[in-house]
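Positions 1 to 326 (the numbering used here) are the ones given, in order, by the sequence shown.
All C-beta atoms, glycine included, are put in the ideal place defined by N, C-alpha and C.
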Amino acid sequence: MNTLLQIEDLKTWFPIRRGVFSRTVGHVRAVDGVSLRIGQGESLGLVGESGCGKTTLARTVLGLDPSHSGSVVFDGTELIGKSEGELRPLRQDLQVIFQDPFASLNPRMTVSGIVTEGMVQHGLTSPRERDAAATKLLEEVGMNEDALHRYPHEFSGGQRQRISVARAISLKPKLVICDEAVSALDVSVQAQVINLLMNLREKHGLAYLFISHDLSVVRHISDKIAVMYLGRIVEYGASREVIDRPRHPYTQALVSAIPRVGVEKKGRIVLEGDVPSPSRPPSGCRFHPRCPFAIDRCREEEPPLENVPDDDTRLAACIRVGEIDG
């Protein structure tokens, strides 16, 4: 499978400034050395608690947050260091669906204008033909043409998110970043939108970076899953393998929290304490203050993300990965 997005050792740090002269006294290490790969037509799920850096990673890939260092190569082109003018031609192939469909849709524009705005700007349709183009897009996401000249506030949350999906696919992108795209929706509506995204992926050959804190949602749409904690990836592997046999203690805790009806499961793993501040990450393994398996060595050594001993397709950042099992 050809690589579409390659992220190498990406760091996004935000300066902490104090004093009259706003001197930099530290950094919030929101993303701190992340490496990921997404192939053409592949769906990668990125999961973790709120505040772990998932959205910042997405915003850095999109060029909305500046990186401290590292590399982001999209379809053979390095994105880091590019100006907005240089990035503009790539916007057609790299689209995003945001968490809040109401906040991300212009309340002063009709649905027709919203879903075809990018097409007009990129010369894919003319203003005269935008209603016809919008009708086709709405049909793809399961909406009728009577929505064309209505405004976002006239729709439910699920309908607004379908409009956001229509806007995202209007430019026939290669990669769509879904940033908590279903977390604000009711459970039944979540399932509908996920099925829609899966159908569109099959139809158009889309690749997804699907960001969520909910593993039960991610497992249905993702080929592979990367688990993020405090700015770093702590586990990576095939979706089914990560869910059925998590190898990192943090992933085990996340999986134990998934509600399962009629299935016997191990006891819930309750993590003690709060997530440390990304401006003052712990020494050694960043997860050790909350890890039930931590030993003295965990407080001193920072574990690399590497293959687990008995599976060369799985990666985990834990020095005890061979001693504990999910």
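Going by C-alpha positions, valine 141 is about 30 angstroms away from glycine 53. Counting only runs of 4+ residues, the alpha helix (DSSP H) found wholly inside the stretch 91 to 162 occupies 111 to 121 and 130 to 140, in chain order.
DSSP places arginine 167 within a helical segment (H, G or I) once states are collapsed to three. When DSSP states are grouped into helix, strand and coil, proline 249 belongs to the helix group. If you draw a straight line from the Cα of arginine 162 to the Cα of glycine 19, it is about 47 angstroms long.
Shown here, cysteine 298 sits in a helix according to DSSP, grouped into three states.
DSSP links valine 176 through a beta bridge to Gln95 and Tyr208. Here aspartate 244 carries a helix assignment [DSSP, helix/strand/coil].
When Val217, Tyr250 and Gly273 are compared, the shortest CA-CA separation from proline 259 is found for Val217. By the Cβ neighbour-count rule, phenylalanine 21 is exposed, with fewer than 16 other Cβ atoms within 10 Å of its own. In this model, methionine 143 and serine 112 are separated by some 12 angstroms (Cα to Cα). In the same chain as leucine 105, and ignoring 5 residues on each side of it, the C-beta atoms closer than 7 angstroms to its own belong to Ile114, Pro152, Arg160, Ile163 and Ser164, in chain order.
Counting along the chain, glutamate 8 sits inside the beta strand (DSSP E) bounded by residues 3 to 18. Restricting attention to Pro101, Arg268 and Arg247, the CA atom closest to the CA of alanine 257 is found in Arg268. Of all C-beta pairs linking the stretch 204 to 224 to the stretch 42 to 60, three or more are shorter than 8 angstroms, placing the two stretches in contact.
Beyond the five residues adjoining it in sequence on each side, leucine 254 comes within less than 6 angstroms, by CB distance, of Leu215 in the same chain, given in chain order. Boundaries of the alpha helix (DSSP H) harbouring histidine 220: 215 to 221, taken from the DSSP string.
For glutamine 95, the number of other beta carbons within 10 angstroms of its own is at least 16, and it is reported as buried.
Counting the other Cβ atoms within 10 Å of the Cβ of glutamine 252 gives 16 or more, which makes it buried. With a cut-off of 8 angstroms on Cβ pairs, the stretch 187 to 205 is not in contact with the stretch 225 to 243, counting fewer than three such pairs. Non-local beta-carbon contacts of aspartate 311 in its own chain, meaning distances under 6 angstroms to residues more than five positions away in sequence, are absent.
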